[in-house]
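Numbering (the numbering used here), first residue to last: 379 to 1043.
Using N, Cα and C, we set each Cβ at its ideal position, and we do this for glycine too.
Working notes for the structure below.
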Ligand SMILES: [Cu+2]
């Protein structure tokens, strides 16, 4: 690892030598998915992008459909359509990568930074099945495209400071772009102390520190063929989790890939993109900073993934076909060692993830058929083979206590279908879609061994005998725009079968001292989830505009209990002022009272809240450089609040003044 860092740093330095020239533009491509264009982090005009140096988590939270579940101030877990990470397929540029924490302290979004990415594609429901199986949707964190711009050397630096938590960010980016070769090296460092909630009350164990370096390079082999390589190294240390009984002393990821591109207009296959990749994650939990714990524990975890994909695009008459053949092999291992306070007692060791090997291979195909100028019909399928194997003999024997018939391996076949119809006219458009998807239980749901969940205070045991979870889904979208007015509505409905939840088993006693009991993963016959969002915007002039969104969500299981983590009524209203090289936005954001909370799954009622934010931005140009200034106040009124997505009701940030400066030379 050390050698790797030195290598990247020396490349950083060597790119300094190249001469500088004018900047290039960030290219955007279009896909069929709903998108959040994230990155281009030094652009002033990005919609609702307050800070140029926002974390990925901050960016994702700005999207209507995505909620970030918080266990602290770092490594938030994305949820889409009221479904969290097990039900989603989250990838980095089509690459599968799995966190190494049994307590979900490290969603994979925590292992990348804005500097690594160009954009995030969000696919709701089966729209998200391009890279893998899911029931709730897919997020693909996309790496930048090849940069054969012939623009020479470009340097940019970033500084950020936020008063709340004394949060500092520094970034450096070097890019050399020729017509046959390019290289981009980027580093970003973030450090925050404990933040303050409203009324200056400090939230202890909310600090973090992390850095991320990435290197992307490419070579044009010929007119039609290019080769790209990408390496990301991300390391977080001293990360506090105020909602959990433990912190993290190390969360480290190395993410590597080599990609070959073929592009041609004159062949049947217009583009073929093939990638080989490898990533490895190390996650070390730490309770040494907590003064009082019932028992000291060591809980390290590891996750390694090897994979490939090959994506083809074919444009023929009125059809746009895309194909994706992919596969991966993952190894997930986690251990727990308990050290009793009485040193005469023996230590206790167990595998919480008993070296689970997951092998997947599958194929995805999609056709977009343009019926006429106004109408488009699309259909997609994915089929895959999924295998889990328990490689650790001791782990297998431990699980056989609960499942005496258990074999060391389990095969599953997964399928996904979706179809979508879109109609577009000058002033309005609408679309509706239907989908069906399946997913295999996650490693924790299938094979987890006494995993403590601090949300409901139960120890969880996996269940390898569960069926695949399945979802039938319907969605509608409609937009109307005339002159300066825009109105949109978007809604989806999911009927989930064999919906995986934890069931209390009174015959077992917990391992964790103070836990309420044991839950074994099992499935409800079905569950339903519904959401609807309405948004509107109006531009009074080129300078002044307003927009607003309201949302309603609902979720219930076949046991007649409300599901957990269902978003209450939510709203957002924004007033924007834009002139050349300056913009301002005043924002009101809030949730209604969480009246349909789920007592059954350990939730309590979260009261309504509203916060007010002010964001300002300036753009300055000199002859050879460009400066971007972003500044503002978040939670102006210093409101004390937490949302339904905050574990154990940990309060959110109080008033925060921030300043981000970016310079491009
Ligand atoms: Cu952890």
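Looking at the DSSP output, residue 530 shares a beta bridge with 555.
Ordered along the chain, residues surrounding ligand 1 are 479, 481, 483, 626, 661 and 663 [Cβ under 6 Å from any heavy atom]. For residue 865, the enclosing beta strand (DSSP E) has its first and last residue at 863-882. The C-alpha of residue 532 is placed about 11 Å away from the C-alpha of residue 1002.
With a 10 Å radius around the Cβ and a threshold of 16 neighbouring Cβ atoms, residue 891 comes out exposed. Residue state for residue 973 is assigned as coil, using DSSP reduced to three classes. Contact between residue 904 and residue 877 holds, with the beta-carbon distance rounding to 6 Å and staying under 8 Å. The stretch 764-772 makes contact with the stretch 726-740, as at least three CB pairs between them are under 8 Å. When the beta-carbon positions are compared, residue 692 and residue 648 come within less than 8 Å of each other. For the pair residue 833 and residue 1026, the CB atoms are nearer than the 8 Å cut-off. For residue 492, no beta strand (DSSP E) encloses it, and the DSSP letter there is neither H nor E.
Within the stretch 955-1020, the beta strand (DSSP E) runs of at least 3 residues that lie entirely inside it are, in chain order, 960-969, 987-999 and 1004-1012.
DSSP places residue 886 in the coil class of the three-state scheme, outside both helix and strand. Looking at the backbone, the Cα of residue 617 and that of residue 836 are separated by about 24 Å. Looking at the DSSP output, residue 474 bridges to 469. Of all C-beta pairs linking the stretch 512-529 to the stretch 540-547, fewer than three are shorter than 8 Å, placing the two stretches out of contact.
Between the alpha carbons of residue 702 and residue 463 lies a distance of about 22 Å.
One thing to note: residue 460 has its Cβ within 8 Å of the Cβ of residue 945. Taking the C-beta atoms as reference points, residue 487 is found nearer than 8 Å to residue 456. Rounded to whole angstroms, the separation of the alpha carbons of residue 445 and residue 948 is 11 Å. When C-alpha distances from residue 601 are compared across 639, 623, 612 and 632, the shortest belongs to 639. Looking from the CA of residue 636, the closest CA among 472, 534, 771 and 840 belongs to 472.
Beta-bridge partners of residue 675 (DSSP): 716.
Inclusion of residue 912 and residue 924 in the CB contact set at 8 Å is not warranted, their separation being larger than that value. The three-state secondary structure of residue 1025, taken from DSSP, is helix.
Inter-residue distance for residue 795 and residue 697 is about 18 Å (C-alpha atoms, whole angstroms). Between residue 721 and residue 821, the gap from beta carbon to beta carbon reaches 8 Å or more. For residue 729, the three-state secondary structure derived from DSSP is strand. Residue state for residue 771 is assigned as helix, using DSSP reduced to three classes.
One thing to note: residue 732 has its Cβ within 8 Å of the Cβ of residue 827.
The closest CA to that of residue 900, considering only 507, 880 and 893, is found on 880. Sequence-distant Cβ neighbours of residue 851 in its own chain, meaning closer than 6 Å and more than five residues away, are 503, 813 and 872. In this structure, residue 990 keeps its C-beta atom at 8 Å or more from the C-beta atom of residue 997. Between residue 527 and residue 555 the beta-carbon gap is near 4 Å, inside 8 Å, which marks them as a contact.
For the options 440, 714 and 700, the alpha carbon positioned closest to that of residue 744 is the one of 700.
Take the alpha-carbon of residue 760 and the one of residue 750: they are about 27 Å apart.
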